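Here is the structure we will look at, set down as structure tokens.
Residue numbers (the working numbering): 19 to 256.
Here's what the structure looks like:
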């Protein structure tokens, strides 16, 4: 695969991940909100803010690829922040419910979290740790190239986390739907489709802009010389 094609595939991957973060916000906004947040400004702005976050996520992660060779550390930081921020924002309702239930004097009631929420958060934190640390191959380079590589463990944790997240959302739907219907108007299908449609269009526009910039870049551009590891390999060969 050519460097241009590889970068474009990454752009699309980043766009899909940012839309996943918006889908999480749509779900949590409908079923996971703490009782004290219902119908508040935070509740009303939660999904629109998540839509903006998805655009910011795609922009920063795509831009980070242009810095990969010239400033790999900044590239890594930007990409990590691009995905960590939407995660923490989307999970604010869960963190708040968890905080309330951790107080011994507070009766959880509708704020009670499914154990699957805890499993999901644990897997998500492990996923972020593996992405940022490159553990375990950072301890023994070359020994985990085929089995046990951080990227393999990263995807395993991500898949498990998504499974637990879906189970947790289903548990919230079953336990809280009637109560939420009595205390807050349900989200309309039209508003949900419109929000997701605008986010898809915005993400595709950002991807198109970076793709055009990539296609117009001269062949000598560092971005088109392969990854940092590939460049080091070529230098050693020479």
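Don't be surprised by glycine CBs; every beta carbon is placed ideally from N, CA and C.
None of the values given here were measured: they were computed from a predicted structure.
- Query: Under a three-way DSSP split, which group does residue 54 fall into?
  - Reply: helix
- Query: Quick one: is residue 42 buried, meaning 16 or more other Cβ sit within 10 Å of its Cβ, or exposed?
  - Reply: buried
- Do residue 76 and residue 225 come within 9 Å of each other at the CB atom, strictly closer than that value? yes
- By DSSP, does residue 22 sit in helix, in strand, or in coil? helix
- Item | Touch test, the stretch 202 to 214 against the stretch 34 to 51, Cβ-Cβ under 8 Å, three pairs minimum | Look at the beta carbons and you see the stretch 202 to 214 touching the stretch 34 to 51: at least three pairs across the two are nearer than 8 Å.
- Message: Applying the 10 Å Cβ sphere with the 16-neighbour rule, what's the burial state of residue 175?
- Response: buried
- Below 9 Å between beta carbons: does that hold for residue 197 and residue 128? It is a contact, given that the beta carbons lie within the stated cut-off.
- Under 9 Å, do residue 29 and residue 97 count as touching if we go by C-beta distance? no
- Query: Which same chain residues, not among the five before or five after residue 235, have their C-beta less than 7 Å away from its C-beta?
  - Reply: Exclusion of the five residues before and after residue 235 leaves 241, 242 as the residues of its chain whose Cβ lies within less than 7 Å of its Cβ.
- Should residue 115 go down as buried or exposed, given a rule of 16 or more other Cβ atoms within 10 Å for buried? Classification for residue 115: buried.
- Message: Spatial neighbours of residue 56 within its chain, please: C-beta separation below 7 Å, excluding the five flanking residues on both sides.
- Response: 201, 202
- Length-filtered (4 minimum) alpha helix (DSSP H) runs lying within the stretch 133 to 216: 133 to 151, 168 to 201
- residue 153: buried (16+ other C-beta within 10 angstroms of its C-beta) or exposed? exposed
- Query: Three or more beta-carbon pairs under 8 Å between the stretch 129 to 145 and the stretch 105 to 113, yes or no?
  - Reply: yes
- Item | residue 26 burial status per 10 Å Cβ neighbour count (16 or more: buried) | buried
- Message: Suppose contacts are defined by Cβ-Cβ distances below 9 Å. Is residue 23 in contact with residue 217 by that definition?
- Response: no
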